[in-house]
Amino acid sequence: MAISKKPNIIILISDALRPRDLSLYGYNKETDNNIKKIASESVVFCKNFAASNASDPSINSIFTGKYPANNGIIHQHPNMKDEEIEKLKKNKFWLPLYLQKKGYFTISATPLHMWFKKGFDYYMDRDPKTKTKKFLNIQFVNKILLKLPSWVYSLGKKVIKARASPYFYSCKEVVDLAVSKIEESKKPFFLFMHLVDTHCPYPGSNHNLMHGEKTIDKITSGMNNFQKEYVKKRFRDMSVNCLEEVIERRDNAIREVDRQIGRLYSFLKDKNLWKDTIFIIMSDHGDNFGEHDAYFCRGGLYDSSVHVPLIIHLPGVKSGIIKEITQSIDIAPTILDFSGFKKEQLDGKSLLGLVKGKKGFRKYAIISDGFCEKRIAVRTQSQKIIFSDKSRCYICGATHGAEKELYNLEKDSDEKNNIYKENNNLEKRYKKFID
Ligand SMILES: [Zn+2]
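As structure tokens, this is what we get:
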């Protein structure tokens, strides 16, 4: 399906956006009118899985087309080891650099970390706007702040009206920048966009002290002290009283992201660019709002953490719905295949055959945990097996599951009933993934 002209390419990641929170995938609230409009002109992948539950390893796996263990980056910043970064540097294939060499104008609109800069002609940097925010963004200051008891943290936040998490651009600012850079481009462009509004704490915080202590105490009652403090801080970061308010804030954040995506789509249509643009809407990982007793943490490899939306508009390809298992590492090979570029040695596979109606794409997805020492999941259509060293989650301090877990997804799609003990003969079959 190679096309004569190089297509423009947009990969848009809305952070921590879960399919279950979009009406396109069955959510009972309308959060995504524009995304649905785009989906009606695209291929919608229903069972797409990130290679990791954490942003850094997940996005690196998209750019390398390889699983975290094979590209180097397994753990989320700041818990990745030096050797992980060294291994990443040795990867021969890096999508932005590859496209830059193919003559693309490469634009990055992401507030993530330094090594993502490779291969980009333009890179939108983190931009703390005030001296206070700059100070709060220094990593060790950040770490100290997060270690304070939650009431001190809350009071401090009220006084200086800032939160410990770094400042990020709003989705409107990112789309403004994207539009201006596309207008500037004299070549086919590759635009990587990362919208963080859909990652908690959500926009709209008014820095009030929290009133709903009792509700929060109830939620955190069974947690260890570390986890308790973590969850309370997240509630304070958002200035909310209960989980319902969090959900409302999250849904509104999704609506705003949807509006901005709609604005970008209209711009592409107006400029007659849409018909020549591969437009990919996706996420890097999920999140938990009480699922598996986790709050605002993606630790653990349950679908709530790793099932991500994937919507791909391919010029000239008719819309469709794909129910087979796919992974985000398949995106780079798909772009190469569609553009008629040479195949590379990657873990991912081109989705074009699947889009054309071929069956039997992937039997399983492999996913690793970026928030603890070692945890890996193998997910098929009907089951998921998870092995781990049962180490504590770096973010929230919970253990997120047992050492060995098995779920029958046909009967138990919420992954609540661990049936490993009754089926421990499965270990042999999955051994190759664990080593
Ligand atoms: Zn956690």
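Going by this note's numbering, the sequence shown opens with residue 965, and the numbers climb by one from there.
For every residue, glycine included, the Cβ atom is placed at its ideal position computed from N, Cα and C.
Since the model is a prediction, treat every value here as computed from it, not as a measurement.
As the crow flies, the alpha-carbon of residue 1238 is around 19 Å from that of residue 1221. Beta-bridge pairing by DSSP links residue 1284 to 1007.
If you check the C-beta of residue 1164 against ligand 1, you find no heavy atom less than 7 Å away. For the alpha helix (DSSP H) assignment, the uninterrupted runs of no fewer than 4 residues enclosed by the segment 978 to 1061 are, from N- to C-terminal side, 997 to 1003, 1019 to 1028, 1032 to 1035 and 1046 to 1053.
Taking C-beta atoms under 8 Å as the contact rule, residue 1035 and residue 1028 qualify, at a distance of about 4 Å.
With the rule of 3 Cβ pairs closer than 8 Å, the segment 979 to 990 counts as touching the segment 1267 to 1277. If you check the C-beta of residue 1335 against ligand 1, you find a heavy atom less than 7 Å away. A distance below 6 Å between beta-carbons, with the five flanking residues on each side excluded, links residue 1358 to the following residues of its chain, in chain order: 1043 and 1335. Three or more beta-carbon pairs drawn from the segment 1131 to 1139 and the segment 1147 to 1165 are found closer than 8 Å, and the two stretches are therefore classed as touching. Relative to the non-hydrogen atoms of ligand 1, the Cβ of residue 1362 comes within a distance shorter than 7 Å of at least one. For secondary structure counted as the alpha helix (DSSP H) over 4 or more consecutive residues, the segment 1161 to 1226 holds these complete runs in sequence order: 1177 to 1184 and 1189 to 1202. DSSP, reduced to helix, strand and coil, places residue 1331 within a strand of the structure shown. Bounds of the alpha helix (DSSP H) holding residue 1298 are 1295 to 1303.
Taking C-alpha positions only, residue 1256 is separated from residue 1112 by approximately 26 Å.
The continuous beta strand (DSSP E) containing residue 1155 extends over residues 1153 to 1159. Of 1031, 1070, 1064 and 1343, the smallest CA-CA separation from residue 1015 is found for 1031. Contact between the segment 1287 to 1296 and the segment 1304 to 1323 is present: 3 or more CB-CB pairs across the two stretches fall below 8 Å.
Look at residue 1018: its beta carbon is at least 7 Å from all of the heavy atoms in ligand 1. Boundaries around residue 1352 are those of the beta strand (DSSP E), 1347 to 1352, since no alpha helix (DSSP H) includes it. Residue state for residue 1342 is assigned as strand, using DSSP reduced to three classes.
Taking 7 Å as the cut-off, one finds at least one heavy atom of ligand 1 near enough to the beta carbon of residue 1261.
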